[in-house]
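Position one of the sequence shown corresponds to residue 1 (UniProt numbering), numbered consecutively onward. Please read the structure below before turning to the comments.
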Amino acid sequence: MTTPNPHFPPQQQPATLAQPTSAATLYRATYLHTPRNPFTHPDALDAQSDGGLLVQDGVILAAGPFADIRVAHPDAPVTDLRGGLLLPGFIDTHVHYPQVRVIGGLGLPLLDWLDQCALPEEARMADLAYARGVARDFIGGLIGAGTTTALVFGSHFAGAVDAFFEEATRTGLRAVTGLVVSDRLLRDELHTTPQRAYDEGRALIERWHGAGRTLYAVTPRFSLSASEGILDACAALMRDFPGLRFTSHINENTREIQTVRDLFPGARDYLDTYERAGLVGRHSVLAHNVHPTDRELSVMAAHRCTAAHCPCSNSALGSGFFPLRRHLDAGVHVSLGSDVGGGTGFSLLKEGLQAHFMQNLMPGGVPLSPAHLLYLATLAGAEALDLPHTGSFEPGRAFDAVHLRPAPGTPLDAVFRHAASPERALAAAFATGTPADVARVWIGGDTVLGD
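Below you can see the structure in the form of structure tokens.
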């Protein structure tokens with residue numbers, strides 16, 4: 001008998017191979033994945049020029065050279081995906097549901113962008129019909145970009161969060177999200193109270209946490225807009241419902257950091273505002289962390305929480321260069337986020353490319369290979385969210401996958417047809433790939449985009 005993993009509700013246990021209900025399918029493709037972390041294992045990239053993935057009931061049973069798997073399973077029907085690249089589904093660890101319709105507000109720093117672009121749009125989410133339309137736009141954008149799992153900043157309105165969970169369930173997205181809570185310095189209609197934050201969060205947790213592919217994330221917007229009372233209410237939910245995720249922002253903008261320092265004069269730094277409330281732990285994902293102190297990095301490493309790096313947003317809002325080397329040297333786990341709408345789109349291919357650019361430009365930056373970019377966009381997110389049943393093509397994991405197949409005659413198609421190796425094709429995918437090159441997406445073996 002399988003022992004339940006305490007980090008998962010029963011519905012979220014990693015997939016097992018027991019009691020198959022359908023015939024296995026053998027997918028033939030050029031595939032790449034990172035079963036291990038390339039920052040610590042230089043040979044982490046597994047690239048199969050002519051690979052095979054045997055999938056049954058949405059779970060990968062075998063992976064390796066196609067010829068070997070075909071010999072072992074001669075009767076399995078074959079789905080031929082050659083002519084493109086098959087990658088694990090992308091995992092976005094920081095993206096804002098209410099902001100899909102305000103992407104592209106360029107030329108403003110963080111707090112001005114919030115006031116002029118994001119917060120007026122977020123106030124419109126009180127209208128449930130409007131929120132449902134945004135949910136469709138948002139989740140369609142994620143899946144269309146090849147994202148199969150996302151840690152999503154929800155809405156300040158419980159009804160809009162319900163609408164998001166409903167749409168995620170309908171489409172099959174692996175979604176981790178929750179009610180965003182604040183009680184100061186935003187618009188009045190976005191404010192709540194500690195008791196209401198707890199009560200509404202509890203009701204959403206009881207309805208959605210562990211239901212199918214959904215999990216709940218406790219989500220104070222950031223310490224700038226969340227008082228000690230709100231943070232304590234968030235901590236109470238984390239205590240009362242073990243296994244919840246936690247997410248918020250940290251150290252994104254120097255003006256933001258100074259304001260938090262003024263609001264919490266007793267705190268040692270920005271992280272300490274969450275730490276004192278008991279919100280820093282294994283299931284914590286803190287977005288941005290562009291300007292951390294050494295103490296903050298040390299505490300994050302000790303608690304095994306994650307920094308979600310959002311390179312396009314950091315560039316678009318002028319927030320600064322992400323100190324990846326300092327995070328890695330301190331032992332802090334790093335994943336990737338698109339930060340829509342402060343970011344510039346849903347594609348984690350573009351986020352990987354921008355991360356590559358920024359690390360090349362900053363003094364002491366970390367050179368990022370295609371293997372690093374693939375890891376950051378896939379397995380690193382699964383590790384951040386404590387989802388060991390996704391993120392790579394290892395046997396026993398769910399078949400979450402994206403098939404990149406550019407249109408004939410495009411530059412990326414030309415590279416794919418003439419690339420000397422799968423690694424070279426992967427580099428080109430990050431350099432020039434867009435959602436238009438996403439031909440098909442699977443989540444748990446279910447086709448959610450494409451034929």
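Think of the CB as a built atom: it goes at the ideal place given N, C-alpha and C, for glycine as much as any other residue.
### Run of the alpha helix (DSSP H) containing V161, from where it starts to where it stops
The residue labelled residue 161 in the question sits at position 161 within the sequence shown. First-last of the alpha helix (DSSP H) with V161: A158 to T171.
### Query
Can L190 and V161 be called in contact, C-beta distance under 9 Å?
Indexing the sequence shown from 1 puts residue 190 at position 190. Indexing the sequence shown from 1 puts residue 161 at position 161. No, these two residues do not count as a Cβ contact at 9 Å.
#### Entry: Rounded straight-line distance, which links the Cα of P98 to that of E121
For the purposes of this step, residue 121 is taken as the residue at position 121 of the sequence shown. For the purposes of this step, residue 98 is taken as the residue at position 98 of the sequence shown. Each residue's alpha carbon lies about 7 Å from the other.
#### Entry: Best match in D294, V402, L61 and H96 for proximity to C117 [C-alpha to C-alpha]
As a working note, residue 117 is residue 117 in the sequence shown. Selected option, being the one with the closest Cα: H96.
### Task
Given a cut-off of 9 Å, decide if L110 and Y31 are closer than it, judged by their beta-carbon atoms.
The residue you call residue 31 lines up with position 31 of the sequence shown. The residue you call residue 110 lines up with position 110 of the sequence shown. Remark: C-beta atoms of Y31 and L110 do not approach each other more closely than 9 Å.
#### Entry: Classification of G146 by the beta-carbon crowding that lies within 10 angstroms, buried from 16 upward
For the purposes of this step, residue 146 is taken as residue 146 along the sequence shown, with counting starting at 1. Answer is buried; the Cβ neighbour count reaches 16.
### Residues near A428 by beta carbon distance below 8 Å, same chain, minus five either side
On the sequence shown, position 428 is the one that residue 428 refers to. L412, V415, F416 and A419, listed in sequence order.
### CA-to-CA distance, L374 to F393, given in whole angstroms
Along the sequence shown, read from residue 1 onward, the residue named residue 393 stands at position 393. Along the sequence shown, read from residue 1 onward, the residue named residue 374 stands at position 374. Rounded to whole angstroms, F393 to L374 spans 13 Å at the Cα level.
### Query
Relative to the C-alpha of I139, which residue among G154, D127, W113 and A168 is closest?
The residue labelled residue 139 in the question sits at position 139 within the sequence shown. The candidate whose alpha carbon is nearest that of I139 is A168.
### Message
With H, G and I counted as helix, E and B as strand and the rest as coil, what does DSSP make of P4?
### Response
Position 4 of the sequence shown, counted from the start, is the residue given in the question as residue 4. Bear in mind that the predicted position of P4 carries a pLDDT of just 31, short of 50, making it unreliable; the figure below should be weighed with that in mind. Coil at P4, not helix or strand.
#### Entry: Secondary structure of T192, DSSP reduced to three states
Translated into positions along the sequence shown, residue 192 becomes position 192. Coil at T192, not helix or strand.
### Query
What are the start and end residues of each continuous beta strand (DSSP E) run of 3 or more residues lying completely inside the region 380-441, in chain order?
Entirely contained in the region 380-441, the beta strand (DSSP E) runs reaching 3 residues are, in chain order, 401-404.
### Spatial neighbours of Q11 in its chain, beta-carbon cut-off 7 Å, leaving aside the 5 residues before and after
The residue labelled residue 11 in the question sits at position 11 within the sequence shown. In this prediction, Q11 scores a pLDDT of 36, lower than 50, which makes its location untrustworthy; no coordinate-derived value is stated.
### Query
Exposed or buried, which one is L128 when buried takes at least 16 other CB atoms within 10 Å?
Locating residue 128 in the sequence shown gives position 128, where the first residue counts as 1. Its Cβ having fewer than 16 others within 10 Å, L128 is exposed.
### Message
I need the DSSP call for T25, collapsed to helix, strand or coil.
### Response
As a working mapping, residue 25 is identified with position 25 in the sequence shown. Here DSSP, grouped into helix, strand and coil, assigns T25 to strand.
### Task
Rank P35, D80 and L348 by C-alpha distance to the C-alpha of G144 and give the top, closest one.
Position 144 of the sequence shown, counted from the first residue, corresponds to residue 144. Measuring from the Cα of G144, the nearest candidate turns out to be L348.
### Message
In the DSSP output, what is T93 paired with across the bridge?
### Response
Along the sequence shown, one-based indexing puts residue 93 at 93. Paired residues: none, contrary to the question.
#### Entry: Span of the alpha helix (DSSP H), counted from its first residue to its last, around T247
Within the sequence shown, the letter at position 247 stands for residue 247. Residue range R245 to I250 is occupied by the beta strand (DSSP E) that includes T247, with no alpha helix (DSSP H) assigned at that position.
### Query
If you drop the 5 nearest sequence neighbours on each side, which residues of the same chain put their C-beta closer than 8 Å to that of T3?
Residue mapping note: residue 3 aligns to position 3 of the sequence shown, counting from 1. Since pLDDT at T3 reaches only 30, below the 50 mark, its modelled position is unreliable, and no value is offered.
### Task
Might you give, ordered along the chain, the residues of its own chain that have their beta carbon closer than 6 Å to the beta carbon of P406, omitting 5 neighbours on each side?
Counted from its first residue, the sequence shown places residue 406 at position 406. Apart from the 5 residues on each side of it in sequence, P406 sits with its Cβ closer than 6 Å to the Cβ of L412, D413 and D437 in its chain, given in chain order.
#### Entry: Contacts around S22, its chain only, beta-carbon distance under 8 Å, and the 5 residues preceding and following it disregarded
Within the sequence shown, the letter at position 22 stands for residue 22. Counting only Cβ-Cβ distances below 8 Å, and skipping sequence neighbours, we find Q56 and D57.
### Query
Looking at the structure shown, is L87 part of a helix, part of a strand, or coil, going by DSSP?
Here residue 87 is taken as the residue at index 87 of the sequence shown, counted from 1. Strand, per DSSP.
### Query
Which residues in the same chain as R221 place their Cβ atom closer than 6 Å to its Cβ, once the five residues preceding and following it in sequence are excluded?
Here the question's residue 221 lines up with position 221 in the sequence shown. The residues are V180 and S182.
### Heavy atom of the ligand PLP within 8 Å of A287 beta-carbon
Questions concerning the ligand PLP fall outside what the structure shown contains, since it holds no ligand whatsoever.
### Task
Would you grab the beta carbon distance between D446 and T148 for me? Rounded to a whole angstrom, and I think it's under 8 Å.
As a first step, residue 446 is located in the sequence shown; it is residue number 446 there, counting from the start. As a first step, residue 148 is located in the sequence shown; it is residue number 148 there, counting from the start. A Cβ-Cβ distance of about 10 Å is found for the pair D446 and T148, leaving them out of contact under the 8 Å criterion.
### Query
Would you call D451 buried or exposed, if buried means 16 or more other Cβ atoms sit within 10 Å of its Cβ?
The count along the sequence shown starts at 1 and reaches residue 451 at position 451. Label assigned to D451: exposed.
### First and last residue of the uninterrupted beta strand (DSSP E) at D262
Residue numbering aside, residue 262 sits at position 262 when the sequence shown is read from its first letter. Unbroken run through D262 is the alpha helix (DSSP H), T254 to L263; no beta strand (DSSP E).
### Message
Looking only at its chain, what residues have a beta carbon closer than 6 Å to the beta carbon of G444, apart from the 5 residues adjacent to it on each side?
### Response
Residue numbering aside, residue 444 sits at position 444 when the sequence shown is read from its first letter. If the five residues before and after G444 are omitted, its C-beta is found closer than 6 Å to the C-beta atoms of G58 and A398, all from its own chain and listed in chain order.
### Query
What do you reckon, are the CB atoms on V324 and V285 nearer than 9 Å?
Reading the sequence shown from its first residue, position 324 is the one you call residue 324. Reading the sequence shown from its first residue, position 285 is the one you call residue 285. Inspection of the sequence shows that residue 324 is occupied by Leu rather than by Val. For the 9 Å CB-CB criterion, L324 and V285 do not form a contact.
### Cβ neighbours of E296 in the same chain (closer than 6 Å, five flanking residues each side left out)
The sequence position of residue 296 within the sequence shown is 296, counting from 1. So the qualifying residues of the chain are D269 and L271.
### Query
Can the beta-carbon of A382 be found closer than 9 Å to that of P388?
The sequence position of residue 382 within the sequence shown is 382, counting from 1. The sequence position of residue 388 within the sequence shown is 388, counting from 1. Against a cut-off of 9 Å, the Cβ pair of P388 and A382 comes out as a contact.
### Message
On the criterion of 16 or more Cβ atoms from any shown chain inside 10 Å, does Q258 qualify as buried, or is it exposed?
### Response
Sequence index remark: in the sequence shown, residue 258 carries index 258 (1-based). The residue is exposed, with fewer than 16 neighbouring Cβ atoms inside 10 Å.
### Own chain residues within Cβ distance below 8 Å of I60, not counting five before or after
As a working mapping, residue 60 is identified with position 60 in the sequence shown. Taking I60 as the centre and dropping the five residues before and after it, the same chain places the C-beta of L53, L54, F393, E394, P395, G396, R397, A398 and F399 closer than 8 Å to its C-beta, in chain order.
### Query
Per the contact definition of three or more C-beta pairs closer than 8 Å, is the region 100-107 in contact with the region 151-160?
Cβ pair count under 8 Å is below three, so no.
### Task
Please classify L185: does DSSP put it in a helix, a strand, or coil?
For the purposes of this step, residue 185 is identified with residue 185 of the sequence shown, where counting begins at 1. L185: coil per DSSP, three-state reduction.
### Task
Return the chain-ordered list of same chain residues with a C-beta closer than 8 Å to the C-beta of R136, the five sequence neighbours on each side being excluded.
Taking the first residue of the sequence shown as 1, we reach residue 136 at position 136. Take R136, set aside five residues on each side of it, and the residues of its chain with a beta-carbon closer than 8 Å to its own are E167, in chain order.
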